[in-house]
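Below is one structure, written out as structure tokens; the observations come after it.
In our numbering, the protein residues as written are 124 to 250.
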């Protein structure tokens with residue numbers, strides 16, 4: 124199956140040479156989502172829990188556009204500007220993945236786009 128580009132106005136526009144997500148009809152691969160609202164407001168000064176919530180809201184919007192949802196997520200990668208923010212991120216993250224959570228990696232990155240505290244990407248099954 125060929126690659127299809129996923130785009131929704133319910134998540135921030137891609138700000139570079141990338142797509143919000145791509146799919147082959149079986150799997151969807153999202154771009155990393157940061158705490159940027161669909162309207163363009165950057166929540167870089169917000170608490171990590173709030174930044175995580177916005178990043179995950181963006182992720183959910185992109186997944187829904189690809190006919191997937193949080194229950195279809197196989198793997199996430201969470202990039203943190205500071206690994207000491209793991210607990211705050213994890214508390215919010217857990218509210219999105221209550222049952223059968225996906226595999227996950229969480230790492231401290233040297234720096235994240237636009238100075239945010241968290242970026243999250245996912246791979247999901249398209250049902």
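Cβ atoms here follow ideal geometry from the backbone N, Cα and C, with glycine treated the same way.
Round the Cβ separation of residue i and residue j to the nearest angstrom and send it over; I've been treating them as touching at under 8 angstroms.
| i | j | result |
| --- | --- | --- |
| residue 144 | residue 129 | 4 angstroms |
| residue 161 | residue 134 | 6 angstroms |
For residue i, I'd like the list of residues in its chain whose CB is within less than 8 angstroms of its CB, leaving aside the five on either flank, ordered along the chain.
| i | result |
| --- | --- |
| residue 250 | 190, 191 and 195 |
| residue 186 | 144, 151, 153, 192, 193, 195, 196, 245 and 247 |
| residue 205 | 231 and 240 |
Cα separation between residue i and residue j?
| i | j | result |
| --- | --- | --- |
| residue 203 | residue 138 | 20 angstroms |
| residue 236 | residue 242 | 8 angstroms |
| residue 184 | residue 216 | 15 angstroms |
| residue 146 | residue 228 | 21 angstroms |
| residue 214 | residue 223 | 16 angstroms |
| residue 99 | residue 198 | Lying outside 124 to 250, the shown extent of the chain, residue 99 is not represented and no answer is given. |
| residue 165 | residue 219 | 21 angstroms |
| residue 207 | residue 188 | 33 angstroms |
Quick one: what's got a C-beta closer than 7 angstroms to residue i's C-beta in the same chain, skipping five residues either side?
| i | result |
| --- | --- |
| residue 154 | 137, 141, 142, 143, 144 and 244 |
| residue 169 | 158 |
| residue 209 | 203 and 229 |
| residue 182 | 153, 156, 243 and 245 |
Is the beta carbon of residue i less than 7 angstroms from the beta carbon of residue j?
| i | j | result |
| --- | --- | --- |
| residue 240 | residue 174 | yes |
| residue 167 | residue 238 | yes |
| residue 172 | residue 234 | no |
Any idea what DSSP makes of residue i, helix, strand or coil?
| i | result |
| --- | --- |
| residue 167 | coil |
| residue 228 | strand |
| residue 143 | coil |
| residue 160 | coil |
Looking only at its chain, what residues have a beta carbon closer than 6 angstroms to the beta carbon of residue i, apart from the 5 residues adjacent to it on each side?
| i | result |
| --- | --- |
| residue 200 | 228 and 244 |
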